[in-house]
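The numbering of the sequence shown is this note's numbering, which starts it at 1305 and goes up by one. The beta-carbon is built from N, C-alpha and C at its ideal position, and this holds for glycine as well.
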Amino acid sequence: MMATPRCLLVLRQVLPCALGGTGVSPVRPPNHGQDARATHKTTVERPLVPLVAALVLSVFGTCGEAAAAERLNVLFLAADDLRNDLGCYGHPLAKTPNLDGLAERGTLFERAYCQQALCNPSRASIMTGLRPDTLGIWDLPTHFREVRPDVVTLPQWFKQHGYFTQNIGKVFHNWRQEIHGDPDSWSVPAVMHYATHDSDKPQVEGELPPNLAKARRTECRDVPDGAYFDGRIAAGAVEALRKAKERGRPFFLAIGFWKPHLPFNAPKRYWDLYDRAQITPAPNPTPPEGCPAVALHDSRELLGVPGRPPRPGRPSGPLSDDEIVELRHGYLAGVSFLDAQVGKLLDELDRLDLSRRTVVVFWADHGFHLGEHGLWCKTSNFELDARVPLIIARPKGKARRAKTDALAELLDLYPTLVELCGLPTPQGLDGVSLAPVLDDPAASVKPAAWSYSSRATTRPVAKSRHSVYRNRGVRADTPIVCGSPR
Ligand SMILES: [Ca+2]
């Protein structure tokens, strides 16, 4: 549940290893800065690829269709701002029976890392299989099509190989962007994918029950799941699974839940799963001793922008202890709300007898802080932000019930799912397939995992993590090899 100050101390202890080449090698920053962006013209984005794929499908005709009918489906489940606060990851309070059940029949990655603890760069990286530095995207507004118009996304690759691809909910980050999601990725238009989190207001028939929560950006109302985005997304996903079953084509169904992202507005029944008396403020509410300022931020997403007047209806400034505990309670409620929606999909998958033919993957775009290190929300490279839950469950009957310490990066999902479903692997991806780890949890496919930010680049190596800092807010700056953040 908590991150310890050990994170950054460990970074420093192992830095000589990264700089001097001793220990784990070769470990180099992959594809940094402009050089990488200029030279990384990949096969995956060449327009020739879809033409070749289409030609192959055409040539093989009905044989290809028959083969496609035998292919595995993909249920691709995304969570927003979810750190590893799940029962299956050992959280002492979290009630997440459905995700725990998914982990029971799949492989749980103990050391999976996002590529940047911010929605857009993380999701752009996952969906293209390219690092933030390869894409040149470290911020919220830049859509990956602006910098890589011909890149072939993960679902687009499946679509080009005969799959029916569909998106319900937030998969691509899209708010503040001219392009809404990525229409090229899907066989049908995405739905419930473009909004702001604060527009997730309760929708009920009749009188709206009172808000029983008091802390800023919390809401506790006795309303049904469907009052909020994620309840409606789950209902839409259940319907999509039924139609996919009828359609009979292999499918790639991407469901993006908006929780447990702020505001913490899970329906009351999920708040009621927890005893407030058992919830405490973070035991490490101050930055680690000697922590460089570049590793920290001002928590403006929750606390407001320093020096600016608070937004209407949104308090700013320090939190009281009661608020802190209520926020931590609300986060857990959101995690359980999310878990319940995932459960609806997994139950429907079983009911439709699709579990035997479907790979289920669950991931979060990045983690979150709830007062640890004096931080709220995300964008740091501490473990609580960079480390993410990742569960991959192959079709039932090949259950692993495994946990692995193998390093994994979210951009590895692209080559992993492609391999699991028997598709050709496009060249030029920055990740590697995790399939060997699914076969053997003791296996390892990479020596390092990298997380980036506009302030810092961090890479876990073996059992440690290394940092390379870039200038804060300067996207194309040459990274400064650690120890002397400018
Ligand atoms: Ca996010």
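(message) Below 8 Å on the Cβ atoms is my contact criterion, and I expect residue 1564 with residue 1385 to pass it. Report the Cβ-Cβ distance as a whole number of Å.
(response) Looking up residue 1564 in the sequence shown gives position 260. Looking up residue 1385 in the sequence shown gives position 81. Contact flag correct, Cβ pair sits at about 6 Å.
(request) Out of 1429, 1741, 1482 and 1437, point me to the one whose CA is closest to residue 1456's CA. (result) Looking up residue 1456 in the sequence shown gives position 152. Ranked by Cα distance from residue 1456, the first of 1429, 1741, 1482 and 1437 is 1429.
(request) Establish whether the CB of residue 1735 and some CB of chain B are separated by less than 9 Å. (result) Absent from the structure: chain B. Only one protein chain is present.
(request) Write down every uninterrupted run of the beta strand (DSSP E) in the stretch 1417 to 1492 whose length is 3 residues or greater and which is fully enclosed by it, in chain order. (result) 1468 to 1473
(request) Look at the alpha carbon of residue 1389 and the alpha carbon of residue 1374, and state the distance between them as a whole number of angstroms. (result) Counting from 1 along the sequence shown, the entry for residue 1389 is found at position 85. Counting from 1 along the sequence shown, the entry for residue 1374 is found at position 70. So the alpha carbons of these two residues sit roughly 36 Å apart.
(request) Going by CA-CA distance only, name the one from 1575, 1680, 1557 and 1559 that's closest to residue 1400. (result) Reading the sequence shown from its first residue, position 96 is the one you call residue 1400. The residue with the shortest Cα to Cα distance from residue 1400 is 1575.
(message) Do residue 1462 and residue 1504 count as a contact pair if the criterion is CB distance below 9 Å?
(response) Here residue 1504 refers to the residue found at position 200 of the sequence shown. Here residue 1462 refers to the residue found at position 158 of the sequence shown. Not a contact, by the Cβ cut-off of 9 Å.
(message) Quick check on residue 1350: does DSSP put it in helix, strand or coil?
(response) On the sequence shown, position 46 is the one that residue 1350 refers to. Residue placement at residue 1350 cannot be trusted, given a pLDDT of 43 that sits under 50; what the coordinates show is reported in the next sentence. If DSSP states are grouped into helix, strand and coil, residue 1350 belongs with coil.
(message) With DSSP as the reference, identify every bridge partner of residue 1560, one or two as the case may be.
(response) Reading the sequence shown from its first residue, position 256 is the one you call residue 1560. Paired residues: 1382 and 1473.
(request) Enumerate, from N- to C-terminal direction, the unbroken alpha helix (DSSP H) stretches of 4 or more residues contained entirely within the stretch 1705 to 1757. (result) Counting whole runs of 4 or more residues, the stretch 1705 to 1757 contains the alpha helix (DSSP H) stretches 1717 to 1724 and 1739 to 1743.
(message) Please classify residue 1547 as buried or exposed, where buried requires at least 16 neighbouring CB atoms within 10 angstroms.
(response) Along the sequence shown, one-based indexing puts residue 1547 at 243. With fewer than 16 Cβ atoms within 10 Å of its Cβ, residue 1547 is classed as exposed.
(request) Please check the pair residue 1538 and residue 1636, which I expect to be a contact at CB under 8 Å, by giving their CB distance rounded to whole angstroms. (result) Counted from its first residue, the sequence shown places residue 1538 at position 234. Counted from its first residue, the sequence shown places residue 1636 at position 332. Wrong, their Cβ atoms sit about 19 Å apart, outside the cutoff.
(message) Once DSSP output is grouped into helix, strand and coil, what is the label at residue 1409?
(response) Here residue 1409 refers to the residue found at position 105 when the sequence shown is read from its first residue. DSSP places residue 1409 in the coil class of the three-state scheme, outside both helix and strand.
(message) Do residue 1469 and residue 1453 count as a contact pair if the criterion is CB distance below 9 Å?
(response) Sequence index remark: in the sequence shown, residue 1453 carries index 149 (1-based). Sequence index remark: in the sequence shown, residue 1469 carries index 165 (1-based). The answer is no: Cβ separation not under 9 Å.
(request) Inspect the CB distances between the stretch 1641 to 1657 and the stretch 1401 to 1418 and report whether three or more fall short of 8 Å. (result) yes
(request) Since I believe residue 1398 is in contact with residue 1278 (beta carbons under 8 Å), could you give me their beta-carbon distance rounded to a whole number of angstroms? (result) Examination of residue 1278 is not possible in this model, given that the chain is present from 1305 through 1790 alone.
(request) Return yes when the Cβ of residue 1739 is within less than 9 Å of the Cβ of residue 1723, no when it is not. (result) As a working mapping, residue 1723 is identified with position 419 in the sequence shown. As a working mapping, residue 1739 is identified with position 435 in the sequence shown. The answer is yes: Cβ separation under 9 Å.
(request) Please state if the CB of residue 1631 and the CB of residue 1251 are separated by a distance shorter than 9 Å. (result) This structure leaves residue 1251 out entirely; the chain is present only between 1305 and 1790.
(message) Assuming the contact rule is C-beta atoms closer than 8 Å, residue 1524 and residue 1531 should be a hit. Round their C-beta distance to whole Å, please.
(response) By 1-based counting over the sequence shown, the position of residue 1524 is 220. By 1-based counting over the sequence shown, the position of residue 1531 is 227. Contact between residue 1524 and residue 1531 does not hold, since the beta-carbon distance rounds to 12 Å and is not under 8 Å.
(request) May I have the straight-line CA-CA distance separating residue 1659 from residue 1705, to the nearest angstrom? (result) If you number the sequence shown from 1, residue 1659 lands on position 355. If you number the sequence shown from 1, residue 1705 lands on position 401. Going from the Cα of residue 1659 to the Cα of residue 1705 covers about 16 Å.
(request) For residue 1529, verify whether its CB is less than 8 Å away from any heavy atom of ligand 1. (result) Indexing the sequence shown from 1 puts residue 1529 at position 225. Not one heavy atom of ligand 1 lies closer than 8 Å to the C-beta of residue 1529.
(message) Considering only heavy atoms of ligand 1, does any lie closer than 8 Å to the CB of residue 1682?
(response) The count along the sequence shown starts at 1 and reaches residue 1682 at position 378. Yes; taking the cut-off as 8 Å, the Cβ of residue 1682 has a heavy atom of ligand 1 nearer than that.
(message) Quick check on residue 1500: buried or exposed, where buried means 16 or more other Cβ atoms within 10 Å of its Cβ?
(response) To locate residue 1500, count along the sequence shown from 1; it is residue 196. Exposed: under 16 other Cβ atoms inside 10 Å.
(request) Please classify residue 1681: does DSSP put it in a helix, a strand, or coil? (result) Counting from 1 along the sequence shown, the entry for residue 1681 is found at position 377. Residue state, collapsed to three classes: strand.
(message) Assuming contact is defined by CB atoms lying nearer than 9 Å, are residue 1737 and residue 1681 in contact in what I supplied?
(response) The sequence position of residue 1737 within the sequence shown is 433, counting from 1. The sequence position of residue 1681 within the sequence shown is 377, counting from 1. In this structure, residue 1737 keeps its C-beta atom at 9 Å or more from the C-beta atom of residue 1681.
(message) Do residue 1748 and residue 1418 have their beta-carbon atoms positioned less than 9 Å apart in this structure?
(response) For the purposes of this step, residue 1418 is identified with residue 114 of the sequence shown, where counting begins at 1. For the purposes of this step, residue 1748 is identified with residue 444 of the sequence shown, where counting begins at 1. Not closer than 9 Å, so no.
(request) Compute the Euclidean distance between the alpha carbons of residue 1673 and residue 1714, then round it to the nearest angstrom. (result) Your numbering for residue 1673 matches position 369 in the sequence shown. Your numbering for residue 1714 matches position 410 in the sequence shown. Roughly 19 Å separates the two Cα atoms.
(request) Give the C-beta separation of residue 1735 and residue 1716 to the nearest angstrom, bearing in mind that I take them to be a contact with Cβ-Cβ under 8 Å. (result) Position 431 of the sequence shown, counted from the first residue, corresponds to residue 1735. Position 412 of the sequence shown, counted from the first residue, corresponds to residue 1716. Contact flag correct, Cβ pair sits at about 4 Å.
(message) Using only CA atoms, which one of 1731, 1535, 1545 and 1553 lies nearest to residue 1656?
(response) Residue mapping note: residue 1656 aligns to position 352 of the sequence shown, counting from 1. Residue 1656 has its Cα closest to that of 1545, out of 1731, 1535, 1545 and 1553.
(request) Taking only heavy atoms of ligand 1 into account, decide whether any of them is closer than 8 Å to the Cβ of residue 1426. (result) Along the sequence shown, read from residue 1 onward, the residue named residue 1426 stands at position 122. True, at least one ligand heavy atom lies under 8 Å from that Cβ.
(request) Apply the 10 Å Cβ neighbour rule to residue 1570 and answer buried if 16 or more other Cβ atoms are within range, or exposed otherwise. (result) By 1-based counting over the sequence shown, the position of residue 1570 is 266. That one is buried.
(request) Give the straight-line distance between the Cα atoms of residue 1466 and residue 1727, rounded to the nearest whole angstrom. (result) By 1-based counting over the sequence shown, the position of residue 1466 is 162. By 1-based counting over the sequence shown, the position of residue 1727 is 423. The straight-line gap from Cα to Cα measures roughly 10 Å.
(message) Any heavy atom of ligand 1 inside 8 Å of the beta-carbon of residue 1504?
(response) Within the sequence shown, the letter at position 200 stands for residue 1504. Answer for residue 1504: no, Cβ out of range of ligand 1.
(request) Count the other C-beta atoms from every protein chain shown that fall within 10 angstroms of the C-beta of residue 1624, then say buried if there are 16 or more, exposed otherwise. (result) For this step, residue 1624 is matched to residue 320 along the sequence shown. Classification of residue 1624: exposed, given that the 10 Å Cβ count is below 16.
(request) Give me every residue whose Cβ sits closer than 5 Å to any heavy atom of ligand 1, in chain order. (result) Matched residues: 1384, 1385, 1423 and 1669.
(request) Mind reading off the beta-carbon distance from residue 1694 to residue 1413? Whole number of angstroms is fine, and I expect it under 8 Å. (result) Looking up residue 1694 in the sequence shown gives position 390. Looking up residue 1413 in the sequence shown gives position 109. The beta-carbon distance between residue 1694 and residue 1413, rounded to whole angstroms, is 4 Å. This is short enough to meet the 8 Å contact definition.
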